[in-house]
Amino acid sequence: MNIGIDKIGFYTPHTFIDMVKLAEARGVDPAKYTIGIGQEQMAVSPVTQDAVTLAANAALRILDKEDLKKIDFVIFGTESGIDSSKSAAVYVHDLLGIQSSARSIEIKQACYGATAGIQLAKGHIALHPESRVLVLGSDISRYGLRSSGEVTQGAGAVAMVISANPRILSLGDQSAYLTNDIMDFWRPTYSDTAYVDGKFSNEQYIAFFLNTWEQFKSQTDMTIADFEAMCFHLPYTKMGMKAMREIFDEGTEEDQKRLTDHYQLSTIYNKNVGNIYTGSLYLSLISLLENDTSLKAGNRIGLFSYGSGAVGEFFTGTLQPEFREALAEAEHKNLFAEREEVSIEKYEEIFSEVLPVDGTNLQLDIESDPATICVAGIEEHKRLYVNKSR
Ligand code: CAA
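Count along the sequence shown starting at 1, add 1345, and that's the number in my numbering.
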């Protein structure tokens, strides 16, 4: 059965900072951030946005009335969830008005959660071909002010409708995956910022890519020449290139040039948003599809997902005849155009503003946040969500 991505959209908060200005404020050569790391701008999430609202705002942009009636499974991948018990998917289900005969769950495995969601959705649709599954990947990446990971923060969400006979990308049945218990990046439940062994995480990312790539080749007869493009989980845009370069000697100069050219276009959105953890691979896919005019129906795209801790997966998708018409390109370009740059001082202020954890009630000013769906406050340990369009 032909199952895959029928719709794909993203959302990122309305404020961002310039990485050159961040480098200057931190006394670092700006080229380290823009060339060495490969980031130009970084989304800054206001206190009125969290993983739930970012995901709901991303989905709002792509769902129509028929989707709301037909979606029977909401799968939410996140590593910045807001509750250890209730899933973020249940809030989104309500905020969007999805029909009630649905399952709603949250999946956690660092940046791999949305990929696990897609694979689960595939199985569900194979059994129920009429179903549509909403898969969300939403996160706010926080390492801390002046930390070594600060330059690789970001915020945003990707929403995908997975269905039979998809209009954008048909997902291949062959997939290679790997689990290995390592401590490259983690966030204990008592901390709102991540812990990371930066160099080790880079090495493990590459090792997981090479392992899953080798497994994938032995499962199939494919080689590097069978791929028009490859998209990667992008904690920062240099990372995917570091991994892809490792297999370049398996191909010709033409293969290397083709993959490098497509790769540059697959990083445009990520360069300007930063790391959005679970959604990053799919933000890169959107960037490729919306910025690369040379892609054609039938092209095969390799996808590498990596979630620290760690789980990795290499799988593929094939572009469908109507893929261009099914994209939300104009919407996404507007989203970028309407963002507002904030100073480094303002970013530090926004970063330090967090919801109370001691039971204090708080009302937030949601008028200063242009997003349709916001966190309006907190009352008796419950977050209050508002969909302004209702
Ligand atoms: N001009 C140009 N390039 C420069 C430069 C300059 N003036 N100064 C330094 N650079 C280059 C360095 O040569 C280096 O390039 P290579 O990696 O190609 O060697 C690059 O800039 C980074 O420099 P450093 O290694 O010195 O940077 P750092 O010590 O500050 O750490 C980091 C970088 C490890 C990515 C750190 O930001 C970090 O820990 N980030 C969070 C962890 C992370 O993103 N890991 C990725 C894999 S894990 C994963 O993918 C899961 C996830 O989402 C977290």
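The C-beta atom is built at its ideal place from N, Cα and C for all residues, glycine as well.
All values reported here derive from a predicted model rather than from experimental measurement.
Below 8 Å on the Cβ atoms is my guess for N1556 versus L1523; work out the distance and round it to an integer in Å.
Going by Cβ atoms, the distance from N1556 to L1523 rounds to 5 Å, so yes, they are a contact pair.
Taking 7 Å as the cut-off, is the beta-carbon of A1376 closer than that to any non-hydrogen atom of the ligand CAA?
Under cutoff, so the answer is yes.
What's the gap between the Cα of L1648 and the Cα of T1705?
Distance between the alpha carbons of L1648 and T1705 is about 44 Å.
Judging by CA-CA distance, which residue of S1563, D1637, F1530 is the nearest neighbour of M1575?
Comparing Cα-Cα distances from M1575 to each of S1563, D1637, F1530, the minimum goes to D1637.
Cβ-heavy atom distance between I1613 and the ligand CAA below 7 Å?
For the ligand CAA, not one heavy atom lies less than 7 Å from the Cβ of I1613.
Indicate the three-state DSSP secondary structure (helix, strand or coil) for R1735 in the structure shown.
Coil.
If you measure between the beta carbons of A1388 and G1596, is that distance less than 8 Å?
It is not a contact, given that the beta carbons lie outside the stated cut-off.
Distance, Cα to Cα, F1572 vs L1626?
So the alpha carbons of these two residues sit roughly 17 Å apart.
Does DSSP classify F1545 as helix, strand or coil?
Reduced to three states, the DSSP call for F1545 is helix.
Along the chain, where does the alpha helix (DSSP H) containing F1668 start, and where does it finish?
Premise fails: F1668 is in no alpha helix (DSSP H) and is neither H nor E.
Confirm, please, whether the CB-CB distance from G1499 to S1486 is below 8 Å.
A contact, by the Cβ cut-off of 8 Å.
From this set, S1493, V1503, A1570, which residue's C-alpha is nearest K1544's C-alpha?
If we check each option's Cα against that of K1544, S1493 comes out closest.
Which two residues bound the contiguous alpha helix (DSSP H) that contains R1584?
It should be noted that the sequence gives Met, not Arg, for residue 1584. Run containing M1584: 1582 to 1590, per the alpha helix (DSSP H) assignment.
With DSSP run on the structure shown, which of helix, strand or coil describes R1512?
Three-state DSSP puts R1512 in coil, outside helix and strand.
Classify S1429: buried if its beta carbon has 16 or more other beta carbons within 10 angstroms, exposed otherwise.
Classification of S1429: exposed, given that the 10 Å Cβ count is below 16.
How far does the alpha helix (DSSP H) with R1603 in it reach, from first residue to last?
Looking at the DSSP string, the run of the alpha helix (DSSP H) that includes R1603 is 1598 to 1611.
May I ask whether a heavy atom of the ligand CAA can be found less than 7 Å away from the beta carbon of G1624?
No, the beta carbon of G1624 sits no closer than 7 Å to any heavy atom of the ligand CAA.
How about the region 1513 to 1520 and the region 1348 to 1361: do they share at least three Cβ pairs that are nearer than 8 Å?
A contact exists between the region 1513 to 1520 and the region 1348 to 1361.
P1715: which of N1615, E1693, D1542, Q1394 sits nearest, CA to CA?
With distances taken between Cα atoms, P1715 lies closest to Q1394.
Please list the segments of the beta strand (DSSP E) lying wholly inside the region 1492 to 1540, counting only runs of 3 or more residues, in order along the chain.
As far as the region 1492 to 1540 is concerned, its whole beta strand (DSSP E) runs of at least 3 residues are 1499 to 1509, 1514 to 1524.
Measure the Cβ-Cβ separation of M1584 and F1577 and say whether it is below 8 Å.
A contact, by the Cβ cut-off of 8 Å.
Classify G1643 as helix, strand or coil using the three-state DSSP reduction.
Correct three-state label for G1643: coil.
Do you know how far the Cα of I1631 is from the Cα of I1382?
Whole-angstrom Cα-Cα distance: 21 Å.
Which residue from F1355, Y1356, A1370 puts its Cα closest to that of I1362?
Checked all of F1355, Y1356, A1370; the closest Cα to I1362 is A1370.
As a quick exercise: from L1640, A1642, T1661, pick the residue whose alpha carbon is nearest that of S1650.
Ranking L1640, A1642, T1661 by Cα distance to S1650 puts T1661 first.
Do Y1614 and M1589 have their C-beta atoms closer together than 8 Å?
Contact flag unset, no.
Closer than 7 Å: is that where the CB of A1740 sits relative to any heavy atom of the ligand CAA?
Beyond the ends of the chain as shown, which are 1346 and 1735, falls residue 1740; an answer cannot be given.
Beta-carbon within less than 6 Å of L1481's beta-carbon, same chain only, minus the 5 sequence neighbours each way: which residues are those?
Within the same chain, L1481 has close Cβ partners A1400, F1421, A1504.
Taking the C-alpha atoms as reference points, what is the distance between I1646 and T1663?
Each residue's Cα considered, the two are about 6 Å apart.
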